[in-house]
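Trainee: One structure follows; several queries about it will come next.
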Amino acid sequence: MEAYTPNTITNIDAMKEHLKLIRKMGYAFDEIEHEEGIRCVAAPIYDINGKVIASVSVSGPVLHVTKERMPELTEEVIKTAKSISYQLGYMGNNEKF
Numbered sequence: 001m002e003a004y005t006p007n008t009i010t011n012i013d014a015m016k017e018h019l020k021l022i023r024k025m026g027y028a029f030d031e032i033e034h035e036e037g038i039r040c041v042a043a044p045i046y047d048i049n050g051k052v053i054a055s056v057s058v059s060g061p062v063l064h065v066t067k068e069r070m071p072e073l074t075e076e077v078i079k080t081a082k083s084i085s086y087q088l089g090y091m092g093n094n095e096k097f
């Protein structure tokens with residue numbers, strides 16, 4: 001796996017563990033892994049059948065998307081993804097969020 005920044009996960013086993021964590025949390029984050037100085041958080045959007053069809057994310061420079069702001073931004077991203085999912089007919093349980 002190619003490294004884009006010093007934070008890029010390049011070990012297959014580490015990536016598998018990271019993906020397990022993402023599934024457990026219900027959202028994903030990028031801790032300066034793909035582009036230097038950029039942090040990101042994303043959450044899935046579900047359709048009426050509970051299938052992931054899209055996502056919503058917030059990305060920005062670490063100057064503005066600070067570690068201290070990540071909980072607030074994560075909450076807003078999840079809230080937005082949940083709202084869009086429900087508007088698309090998703091009626092599943094909240095465990096996915």
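Numbered according to UniProt numbering, the sequence shown spans residues 1 to 97. Backbone N, C-alpha and C define an ideal beta-carbon position, used for all residues, glycine too.
#1: For the region 46-57 against the region 6-25, do three or more pairs of beta-carbon atoms, one drawn from each stretch, fall closer than 8 Å, so that the two count as touching?
#2: Contact defined as beta carbons within less than 8 Å: I believe ASN11 pairs with ILE32. What is the distance between those atoms, to the nearest angstrom?
#3: Quick one: residues in its chain with C-beta nearer than 7 Å to the C-beta of SER85, no 5 flanking neighbours on either side, listed in chain order?
#4: Could you tell me the alpha carbon to alpha carbon distance between GLU2 and PHE29, rounded to whole angstroms?
#5: Can you name, in chain order, every residue of its own chain whose Cβ lies under 7 Å from the Cβ of LEU73, other than the five neighbours on each side?
#6: Just to check my reading of the structure: ILE38 and PRO61 have Cβ atoms closer than 8 Å, yes? What is that Cβ distance to the nearest angstrom?
Mentor: Quick answer:
#1: no
#2: To locate residue 11, count along the sequence shown from 1; it is residue 11. To locate residue 32, count along the sequence shown from 1; it is residue 32. About 17 Å; that fails the 8 Å criterion.
#3: Here residue 85 corresponds to residue number 85 of the sequence shown, with the count starting at 1. Same-chain partners within the cutoff: ILE45 and TYR46.
#4: Working through the sequence shown from its first residue, we reach residue 2 at position 2. Working through the sequence shown from its first residue, we reach residue 29 at position 29. GLU2 and PHE29: Cα-Cα distance of roughly 18 Å.
#5: Working through the sequence shown from its first residue, we reach residue 73 at position 73. Here the set comprises VAL41, VAL58 and VAL65.
#6: Counted from its first residue, the sequence shown places residue 38 at position 38. Counted from its first residue, the sequence shown places residue 61 at position 61. Yes, ILE38 and PRO61 are in contact; Cβ-Cβ is about 6 Å, under 8 Å.
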